[in-house]
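Residue numbers (the UniProt record's numbering): 1 to 201. All C-beta atoms in this analysis are idealised placements derived from N, C-alpha and C, irrespective of residue type, glycine included. For clarity, every value in this text was computed on a predicted model and none was experimentally measured.
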Amino acid sequence: MDDKCLACGGLGYFEGGQAADDFIHGRSSQAKCLAEETEVLTEVGWQPISRLEIGDILRIISPTGLLTTTQLNWKSKKKTARIWEIQTQKIDTPIRCSFGHPFLTVNGWRNAWMLNSGTKFWQVDDSFQYCTNEVVSVTCTKHRASVLNIRAEDGGTFIIRAAITHQAARTLSSGLLRFFNKSPLNGSTQATQSMPGISTV
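Here it is, written out as structure tokens:
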């Protein structure tokens with residue numbers, strides 16, 4: 001276990017043995033949440049996750065790697081969690097999340113606590129192209145804040161400002177895995193031909 005996990009007590013978030021056991025056996029939802037100000041890509045542009053409602057249309061990534069749309073069909077209640085901050089090269093504002101939230105790296109899904117400086121992960125940029133972003137630092141803070149999570153109607157992979165993420169990812173579908181394996185590590189791949197109605201403001 002590395003220093004950043006020890007700094008937050010064992011698994012980096014939990015304060016008690018039962019809570020840690022809950023996470024290990026998949027019973028905890030707080031472990032996989034984003035800070036309420038996290039911006040998610042929707043059909044009308046970037047929206048804070050806290051403002052999203054059931055039925056809103058999200059831009060998600062299909063199993064074949066295309067950017068498509070689907071409905072938001074689940075949103076967790078706000079909870080309080082210790083915040084991890086992930087600073088990246090391409091986005092000034094750090095990702096803020098609980099320690100177990102999954103992100104799509106070039107080597108597959110990794111939880112926040114598994115990321116390190118230099119880790120490369122996939123992102124959709126403001127030109128709506130796939131590109132890679134790189135972790136500069138990962139900090140387990142002493143701050144606790146409101147966090148929550150969402151799920152797309154078909155369990156799709158959704159997009160935040162600096163990364164590609166999921167409600168509770170374990171594995172990539174075979175089609176999506178093939179898509180990202182074929183994509184150039186340091187280049188960009190067009191996510192879709194046209195994105196009408198999308199605002200990058």
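Inspect the beta-carbon positions of Val-138 and Gly-118 and report whether they are closer than 8 angstroms. Cβ atoms of Val-138 and Gly-118: not closer than 8 angstroms.
Do you know how far the Cα of Phe-158 is from the Cα of Ile-54? Straight-line Cα distance between these residues: approximately 15 angstroms.
Identify every residue that forms a DSSP beta bridge with Arg-112. Correcting the residue type first, residue 112 is Ala in the shown sequence and not Arg. DSSP output for Ala-112 lists no bridge partner at all.
Classification of Phe-23 by the beta-carbon crowding that lies within 10 angstroms, buried from 16 upward: Residue placement at Phe-23 cannot be trusted, given a pLDDT of 44 that sits under 50; what the coordinates show is reported in the next sentence. That one is buried.
Whole angstroms are fine: how far does the CA of Lys-142 sit from the CA of Leu-58? In this structure, the straight-line span from the alpha carbon of Leu-58 to that of Lys-142 is close to 32 angstroms.
Can you tell me where the beta strand (DSSP E) with Cys-33 in it begins and where it stops? That residue, Cys-33, is in no beta strand (DSSP E); it is neither H nor E in DSSP.
Compute the Euclidean distance between the alpha carbons of Asp-92 and Ala-162, then round it to the nearest angstrom. Going by the C-alpha atoms only, they are around 9 angstroms apart.
In this structure, does DSSP put Phe-180 in helix, strand or coil? Under the three-state reduction of DSSP, Phe-180 is assigned to helix.
Taking C-beta to C-beta, are Leu-148 and Ile-49 nearer than 8 angstroms? Cβ distance < 8 angstroms, so Leu-148 and Ile-49 count as in contact.
Looking at the structure shown, is Arg-144 part of a helix, part of a strand, or coil, going by DSSP? Strand at Arg-144.
For Cys-131 and Leu-34, believed in contact at Cβ under 8 angstroms, the rounded distance: Between Leu-34 and Cys-131, the beta carbon gap of about 21 angstroms keeps them out of contact (Cβ cut-off 8 angstroms).
With distances taken from CA atoms, which of Leu-41, Gly-45, Lys-79, Glu-39 is nearest residue 235? A query on residue 235 cannot be resolved here, the shown segment of the chain reaching from 1 to 201 and no further.
Taking Leu-72 as the reference, which of Lys-120, Asp-56, Pro-102, Phe-180 has the closest Cα? If we check each option's Cα against that of Leu-72, Asp-56 comes out closest.
How would you call Thr-64, buried or exposed, if buried means at least 16 neighbouring beta carbons within 10 angstroms? Counting Cβ neighbours within 10 Å, Thr-64 comes out exposed, since fewer than 16 surround it.
Same chain only: Cβ atoms within 8 angstroms of Val-106, ignoring 5 sequence neighbours per side: Excluding sequence neighbours, Val-106 sits near Lys-120, Phe-121, Trp-122, Thr-132, Phe-180, Leu-185.
Under DSSP, the beta strand (DSSP E) around Lys-90 begins and ends at which residues? No beta strand (DSSP E) contains Lys-90, which DSSP labels as neither H nor E.
Opposite Glu-39 in the DSSP bridges: which residues? Beta-bridge pairing by DSSP links Glu-39 to Pro-48.
What would DSSP say about Glu-53, mapped onto helix, strand or coil? The answer is coil: DSSP assigns Glu-53 none of H, G, I, E or B.
Would you say the beta carbon of Phe-121 comes nearer than 7 angstroms to a heavy atom of the ligand ATP? Here there are no bound small molecules, and the ligand ATP is not part of this structure.
Please classify Asn-116 as buried or exposed, where buried requires at least 16 other C-beta atoms within 10 Å of its C-beta. Counting Cβ neighbours within 10 Å, Asn-116 comes out exposed, since fewer than 16 surround it.
State the beta-bridge partners of Ser-137 as determined by DSSP. As DSSP reads the structure, Ser-137 sits in a beta bridge with Gln-87.
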